[in-house]
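Numbering (the UniProt record's numbering), first residue to last: 1 to 284.
Please read the structure below before turning to the comments.
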């Protein structure tokens, strides 16, 4: 039985959901599949040599999340392994992440055969319970649709058939540059705006002391060691380390962490018109 390894990085849960959809498609094709979060994947403890490696990441501030890049670069080299990459985004953020991700996998010896940008519900919140992507189609409401999953499945099964038939020629990964959502104005903005500058438009995380139960989930899930919680509910945010990914807000079950969502939504809507090709697209 052929083996597939799916590794993903997630903050809001969208990329995890897509990884599980991918696993279901491959298992229906009689592949043995293992799925791991990049945060917890320990290759030295796992004896598993895949014929196919699939890696998925979300888009943060037009780029791959810094933590995901570091974790991918810490992966071991792969031998005789085909690859497929995907990014998830909320139908507005400018990006060329699939191409960046493919380059990272090539550096690990992976023969990349294809890639996808996949629309998911945008994770910016209107309040502590509702995401903008839950209620607005222009920001990914209802995605991925059943039709998109079907099309995605056809592409994946085509790749598995090629692997089953024998050696497969690598994709010219420059083709994945077509999977980007920047228009001409956004491309110009990208020249003059660093990732850090784009983050500066977004607000920092704040805490509601009354709701906090000091479970420290926020601390353990912060990949940038930007949060500290100690003593009598003493909370501190190391702003120089914080990447404003808002993972800490997502994992807090007490809704003790929050931010100025109105500011987030304002800039989310502002950047939306500067994007193009904001649909799910697969290239192989």
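Heads up, the beta-carbon is just placed ideally off N, CA and C, and yes, glycines get one too.
Small disclaimer: the values here were computed from a predicted structure and weren't measured.
Tell me, please, which residues DSSP counts as bridged to residue 50.
Note: residue 50 sits in no beta bridge, so no partner.
Report yes or no: do three or more beta-carbon pairs, one from the segment 5 to 17 and one from the segment 118 to 137, lie closer than 8 Å?
yes
Alpha carbon of residue 131 to alpha carbon of residue 62, nearest angstrom:
19 Å
Just how far apart, CA to CA, sit residue 260 and residue 205?
8 Å
Please state if the CB of residue 7 and the CB of residue 149 are separated by a distance shorter than 8 Å.
no
Residue range of the unbroken beta strand (DSSP E) whose run includes residue 34:
32 to 37
Can you tell me whether residue 142 is buried or exposed? The criterion is at least 16 other CB atoms within 10 Å of its CB, across all chains shown.
exposed
Between residue 25 and the rest of its own chain, which residues show a CB-CB distance below 6 Å, the 5 nearest in sequence each way excluded?
153 and 156
For residue 215, which option in 36, 234 and 133 has the closest C-alpha, if you only look at C-alpha atoms?
234
From which residue to which residue does the beta strand (DSSP E) around residue 352 run?
In the structure displayed, the chain extends from 1 to 284; residue 352 sits before or after that span and is not available.
Euclidean distance between Cα positions of residue 27 and residue 56:
18 Å
Close-in-space but distant-in-sequence residues of the same chain around residue 48 (CB under 7 Å, 5 per side omitted):
3, 5 and 34
Alpha carbon to alpha carbon, how far is residue 38 from residue 30? Give it in angstroms, no decimals.
24 Å
Leaving aside the five residues before and after residue 98 along the sequence, list all residues of the same chain whose C-beta is less than 6 Å from its C-beta, in chain order.
85, 87, 115, 117, 176 and 179
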